[in-house]
Amino acid sequence: AAGVIQSPRHLIKEKRETATLKCYPIPRHDTVYWYQQGPGQDPQFLISFYEKMQSDKGSIPDRFSAQQFSDYHSELNMSSLELGDSALYFCASSFSTDTQYFGPGTRLTVL
Amino acid sequence: KNEVEQSPQNLTAQEGEFITINCSYSVGISALHWLQQHPGGGIVSLFMLSSGKKKHGRLIATINIQEKHSSLHITASHPRDSAVYICAVRSANTDKLIFGTGTRLQVFP
C-alpha cells in the first residue's frame, strides 16, 4: 500500500539559508500535518492543512511557512535557518480526522 | 506537568515476556494514538482509539476515557519489538497530536 512520501530524506544547510521540505500524502487523504522532532525530544506539532486550507497551527516559527497544493501535497518552507532548526521533520496524512499515517521524515542539519 | 505522561520511560524485557506500557493524559481528547519509532526515526502508527480495546497481532491497546488512561500491551515480546513507543492524544478542539515522552523498550533474546 502507498505510504506518505517525504523528500528529501536528508538535507544539510548552512545558517541563514532556506530549505523546502515536501510531503506527498497517501492517495485520497485530504489532511496533512507537519511535526518537528529535535534531538532527544518529543515531536512537536507545527501546522496542519485540510482541503488545502490551514486547519491548525502549533509552535511554528514565523520564519517557517507551509501550504497544501491542489494535488494535496504539502511543502514546508524554512527561511533564515538557525542551528536550532536541526531536527527530524515528519509529515503525516489522514482522511479527515482518521488515523494519522506518518512519513519517514526529513532529517535537516543546519551547520 | 506534561499533558501526556507515559510509564515506564525505559523498559527491558526477555523475549517472550508480556509487556505493558501506560499512558495518562490530562486534556480532553477526541482520540489517542499509539506510535512506534525505531532507531533512525521512522514513526509507524499502531493504533488509533477513542474507546474500548483494539487488537492487532500481538499488540493490544485499551483506553479508559473516564480515567484518562490507556495501555499498550505486547504479548510474547520479540527482539524486533525493540523501539520507542509513543502515546499521542488528539486534543478535543484541534487537529494536533500532543505527544508523550515515549517508552524505550529493549527486548533481549
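Chains A and B are the protein sequences, given in the same order.
Each residue of the first sequence is one higher than the one before, starting from 1 at the first, in the numbering used here.
Each residue of the second sequence is one higher than the one before, starting from 1001 at the first, in the numbering used here.
For glycine and all other residues, C-beta sits at the position ideal for the given N, C-alpha and C.
From a predicted model like this one, the values you see are computed outputs, not experimental measurements.
Beta-carbon gap between residue i and residue j smaller than 9 angstroms
i: A:Ser59; j: A:Gln44; result: yes
i: A:Thr31; j: A:Ser70; result: no
i: B:Phe1047; j: B:His1038; result: no
i: B:Ile1063; j: B:Ser1077; result: no
i: A:Leu21; j: A:Pro39; result: no
i: B:Ala1088; j: B:Ile1074; result: no
i: A:His29; j: A:Ser93; result: yes
i: A:Gln68; j: A:Met53; result: yes
i: A:Lys15; j: A:Leu111; result: yes
i: B:Val1027; j: B:Gly1100; result: no
i: A:Cys23; j: A:Gln37; result: no
i: B:Lys1053; j: B:Ser1024; result: no
i: A:Phe95; j: B:Ile1043; result: no
i: B:Asn1010; j: B:Thr1103; result: yes
i: A:Leu81; j: A:Trp34; result: no
i: B:Ile1029; j: B:Gln1006; result: no
i: B:Ala1061; j: B:Ser1045; result: no
i: A:Ile12; j: A:Leu83; result: no
i: B:Ser1082; j: B:Leu1105; result: yes
i: B:Glu1017; j: B:Val1084; result: no
i: A:Tyr72; j: A:Pro25; result: yes
9 angstroms Cβ cut-off: residues of chain A touching residue i
i: B:Gly1041; result: Gln37, Leu88, Phe90, Pro104, Gly105 and Arg107
For residue i, the first and last residue of its enclosing beta strand (DSSP E)
i: A:Lys13; result: His10 to Lys13
i: A:Ile63; result: For the record, residue 63 of chain A in the displayed sequence is Arg; it is not Ile. Per DSSP, A:Arg63 belongs to no beta strand (DSSP E) and is neither H nor E.
i: A:Asp56; result: Met53 to Lys57
i: A:Ser80; result: First-last for A:Ser80: undefined, no H or E at that position.
i: B:Thr1103; result: Thr1103 to Phe1108
i: B:Lys1068; result: Counting along the chain, B:Lys1068 falls outside any beta strand (DSSP E), and DSSP gives it neither H nor E.
i: B:Val1089; result: Ala1083 to Ser1091
i: A:Val110; result: Thr106 to Val110
i: A:Tyr33; result: Thr31 to Gln37
i: A:Ile47; result: Gln44 to Tyr50
Contacts of residue i in chain B (Cβ-Cβ under 9 angstroms)
i: A:Gly58; result: Thr1094 and Lys1096
i: A:Phe45; result: Thr1094, Asp1095, Lys1096, Leu1097, Ile1098 and Phe1099
i: A:Thr99; result: Ala1031, His1033, Ser1045, Phe1047 and Met1048
i: A:Ser65; result: Near A:Ser65 there are no residues of chain B at all, since even the closest Cβ is about 17 angstroms away, more than 9 angstroms.
i: A:Ser55; result: Thr1094 and Asp1095
Buried/exposed call for residue i, threshold 16 Cβ in 10 Å
i: B:Asp1095; result: buried
i: B:Thr1012; result: exposed
i: A:Ala2; result: exposed
i: B:Arg1090; result: buried
i: A:Ser48; result: buried
i: B:His1033; result: buried
Residue i CB to nearest heavy atom of the ligand COA below 8 angstroms
i: B:Thr1103; result: Absent from the structure shown: the ligand COA. Ligands present: none.
Partner residues on chain B for residue i, Cβ-Cβ distance less than 7 angstroms
i: A:Ser48; result: Asp1095 and Lys1096
Within chain B, partners of residue i - CB distance below 8 angstroms
i: A:Asp42; result: Ile1086, Phe1099, Gly1100, Thr1101 and Gly1102
- Check each residue of the region 1092–1104 of chain B: if its Cβ is closer than 8 angstroms to any Cβ of chain A, include it; give the result in chain order. Cβ contacts with chain A: Thr1094, Asp1095, Lys1096, Leu1097, Ile1098, Phe1099, Gly1100, Thr1101 and Gly1102.
- Message: Output needed in chain order: residues of the region 1055–1067 of chain B with a Cβ under 8 angstroms from some Cβ in chain A.
- Response: none
- Item | Members of the region 1015–1045 of chain B that neighbour chain A once the beta carbon cut-off is set at 8 angstroms | Under the 8 angstroms Cβ criterion, the region 1015–1045 of chain B contributes Ser1030, Ala1031, His1033, Leu1035, Gly1041, Gly1042, Ile1043, Val1044 and Ser1045.
- Item | Against chain B: residues of the region 70–83 of chain A by CB proximity under 7 angstroms | none
- Query: Just by C-beta distance, which residues in the region 10–39 of chain A are closer than 8 angstroms to chain B?
  - Reply: Within the region 10–39 of chain A, the residues whose Cβ lies closer than 8 angstroms to some Cβ of chain B are Thr31, Tyr33, Tyr35 and Gln37, listed in chain order.
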